[in-house]
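*Asks:*
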Amino acid sequence: MLIGAHVSVRDGYVQSIGYAESVGCEAIQIFAKSPQQWHAKQTDPTVAAAFRERLRASSIGFVCTHTAYLINLGSEDDALWERSWRALADELSRAALLGADATVTHTGTNRSGDVERGARRIADGVHRALASAPEGVLLLENTAGAGTTFGTGPEELGAVLGMLDADWRQRLGVCLDSCHAHAAGWDLSTADGWSAFTGQLERCCGRDRIRVVHANDSKFGAGERRDRHEWVGDGSIGSEGFAAMFAEARLAGAAAIVEMSGEVPVKDETNVSRLKELRAACAARG
Ligand SMILES: [Zn+2]
Ligand SMILES: [Zn+2]
Numbered sequence: 026m027l028i029g030a031h032v033s034v035r036d037g038y039v040q041s042i043g044y045a046e047s048v049g050c051e052a053i054q055i056f057a058k059s060p061q062q063w064h065a066k067q068t069d070p071t072v073a074a075a076f077r078e079r080l081r082a083s084s085i086g087f088v089c090t091h092t093a094y095l096i097n098l099g100s101e102d103d104a105l106w107e108r109s110w111r112a113l114a115d116e117l118s119r120a121a122l123l124g125a126d127a128t129v130t131h132t133g134t135n136r137s138g139d140v141e142r143g144a145r146r147i148a149d150g151v152h153r154a155l156a157s158a159p160e161g162v163l164l165l166e167n168t169a170g171a172g173t174t175f176g177t178g179p180e181e182l183g184a185v186l187g188m189l190d191a192d193w194r195q196r197l198g199v200c201l202d203s204c205h206a207h208a209a210g211w212d213l214s215t216a217d218g219w220s221a222f223t224g225q226l227e228r229c230c231g232r233d234r235i236r237v238v239h240a241n242d243s244k245f246g247a248g249e250r251r252d253r254h255e256w257v258g259d260g261s262i263g264s265e266g267f268a269a270m271f272a273e274a275r276l277a278g279a280a281a282i283v284e285m286s287g288e289v290p291v292k293d294e295t296n297v298s299r300l301k302e303l304r305a306a307c308a309a310r311g
């Protein structure tokens, strides 16, 4: 697994790569536009070209973007739903311009509580976004299960994937957030927990769908349904949990990316190096 962090592009796209290298990243996640608002000026093609060029010359082997938090493909409000899939298409286009390998998105809410109905609405939105953005891989992220959010478990994500034709499914995958899964009740402090969760994801979503792991530890306990990220090893998943992540064969092709609060660069240096130590220990055990 390549290891990295969500990095800010506040000081510029090209500069973000220098920062990522300085804290030891082998993979990065960025926002392609402001995550808190619908509108943003177009991604400047010159800036994007400079980013791609800098990336090629860097030690970063994987880049994903994360979509804006406003996107709600499960909304029953038609105007908000249409705005959401159009925003998702825009995110995919920006990601393609930046040369990103994938785009991670949350699916949205499901007020009906009916998985089939919620999945249908979301799959329709995903389909429209993929159809209007000709390239780009989209990864659906699992959620912690708070409130009416959709996508808590493998069954829900799998229901969306299953409603799309095979042609579209080639452009779809999964982002597994360890804090969210743990909060939703899959105890990822043990190897058995990782095996159960990734096994169920594979059954519901297909093989080799997990492209990104948001390797966040959890402040709260397994099943508490509270999404609060903690530094690697300091939460209820713990170092042993992340050691088990590296030993899980179903995740061998995924990038592990941390999304932590705290001061830069310490939070990223620390969490990236903790993960690298656990990966090295896992490799040494064979
Ligand atoms: Zn996310
Ligand atoms: Zn989270």
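Each number in our numbering comes from the position in the sequence shown (counting from 1) with 25 added on.
For glycine and all other residues, C-beta sits at the position ideal for the given N, C-alpha and C.
1. Let me check you understand the geometry: is the CB of His91 closer than 7 Å to at least one non-hydrogen atom of ligand 2?
2. Apart from the five residues on each side of it in sequence, which residues of its chain come closer than 7 Å, Cβ to Cβ, to Asp259?
3. Between which two residues does the beta strand (DSSP E) containing Thr130 stretch?
4. I need the DSSP call for Thr295, collapsed to helix, strand or coil.
5. Can you name the start and end residues of the beta strand (DSSP E) that Gly198 belongs to?
6. In this structure, how does DSSP classify His64 when only helix, strand and coil are distinguished?
7. Buried or exposed: where does Ser59 fall if 16 or more other Cβ atoms within 10 Å of its Cβ makes it buried?
8. Could you check what DSSP says for Leu164 in three-state terms: helix, strand or coil?
9. Does the contact criterion of 3 or more C-beta pairs under 8 Å hold for the stretch 194–201 versus the stretch 253–267?
10. Using the Cα positions of Arg111 and Thr68, report the straight-line distance between them to the nearest angstrom.
11. Exposed or buried, Val48, counting other C-beta atoms within 10 Å across all chains shown (16 or more means buried)?
12. Kindly indicate which three-state DSSP category Arg234 falls into: helix, strand or coil?
13. Skipping 5 residues on each side, what residues in its chain have a beta carbon closer than 8 Å to that of Ser264?
14. Please report the straight-line C-alpha distance between Ala57 and His91, rounded to a whole angstrom.
15. Please state whether DSSP places Cys50 in a helix, a strand or coil.
16. First and last residue of the beta strand (DSSP E) that includes Phe87?
17. Taking only heavy atoms of ligand 1 into account, decide whether any of them is closer than 7 Å to the Cβ of Glu181.
18. At which residues does the alpha helix (DSSP H) containing Gly183 begin and terminate?
19. Shortest alpha-carbon distance to Gly218 belongs to which of Ile262, Trp193 and Val289?
20. Quick one, what's near ligand 2 if you take every residue whose CB is closer than 6 Å to any heavy atom, in chain order?
21. Among the candidates Tyr38, Val39, Leu95 and Glu51, whose CA atom is the shortest distance from the CA of Ala281?
22. Note the first and the last residue of the continuous alpha helix (DSSP H) segment covering Ile96.
23. Could you give the first and the last residue of the continuous alpha helix (DSSP H) run that contains Gly150?
*Replies:* This is what the structure gives:
1. Translated into positions along the sequence shown, residue 91 becomes position 66. No - ligand 2 has no heavy atom lying nearer than 7 Å to the Cβ of His91.
2. For the purposes of this step, residue 259 is identified with residue 234 of the sequence shown, where counting begins at 1. Cβ within range, chain order: Asp242.
3. Here residue 130 refers to the residue found at position 105 of the sequence shown. Ala127 to Thr130 is the extent of the beta strand (DSSP E) around Thr130.
4. In the sequence shown, the residue the question calls residue 295 occupies position 270. Helix, per DSSP.
5. Translated into positions along the sequence shown, residue 198 becomes position 173. Segment Leu197 to Asp202, the beta strand (DSSP E) holding Gly198.
6. The count along the sequence shown starts at 1 and reaches residue 64 at position 39. The answer is coil: DSSP assigns His64 none of H, G, I, E or B.
7. Position 34 of the sequence shown, counting from 1, holds the residue named residue 59. By the neighbour-count rule (16 or more Cβ atoms within 10 Å), Ser59 is not buried but exposed.
8. Here residue 164 is taken as the residue at index 139 of the sequence shown, counted from 1. DSSP places Leu164 in strand when its eight states are reduced to three.
9. no
10. The residue given as residue 111 occupies position 86 in the sequence shown. The residue given as residue 68 occupies position 43 in the sequence shown. Computed Cα separation, rounded: 16 Å.
11. For the purposes of this step, residue 48 is taken as residue 23 along the sequence shown, with counting starting at 1. So Val48 ends up on the buried side.
12. As a first step, residue 234 is located in the sequence shown; it is residue number 209 there, counting from the start. Residue state, collapsed to three classes: coil.
13. Counted from its first residue, the sequence shown places residue 264 at position 239. Hits under 8 Å: Val257, Gly258, Arg299 and Leu303.
14. Position 32 of the sequence shown, counted from the start, is the residue given in the question as residue 57. Position 66 of the sequence shown, counted from the start, is the residue given in the question as residue 91. Roughly 7 Å between the two C-alpha positions.
15. Here residue 50 refers to the residue found at position 25 when the sequence shown is read from its first residue. The answer is coil: DSSP assigns Cys50 none of H, G, I, E or B.
16. As a working note, residue 87 is residue 62 in the sequence shown. Per DSSP, Phe87 belongs to the beta strand (DSSP E) from Phe87 to His91.
17. Locating residue 181 in the sequence shown gives position 156, counting from the first residue. No.
18. In the sequence shown, the residue the question calls residue 183 occupies position 158. Pro179 to Gly187 is the extent of the alpha helix (DSSP H) around Gly183.
19. Here residue 218 refers to the residue found at position 193 when the sequence shown is read from its first residue. Checking every option, the nearest Cα to that of Gly218 belongs to Ile262.
20. Asp202, Cys204, His205, Asp252 and His254
21. Taking the sequence shown and counting its residues from 1, one reaches residue 281 at position 256. With distances taken between Cα atoms, Ala281 lies closest to Glu51.
22. Position 71 of the sequence shown, counting from 1, holds the residue named residue 96. No alpha helix (DSSP H) holds Ile96; DSSP gives it neither H nor E.
23. Walking along the sequence shown from the start, residue 150 turns up at place 125. Element bounds for Gly150: Val140 to Ser157.
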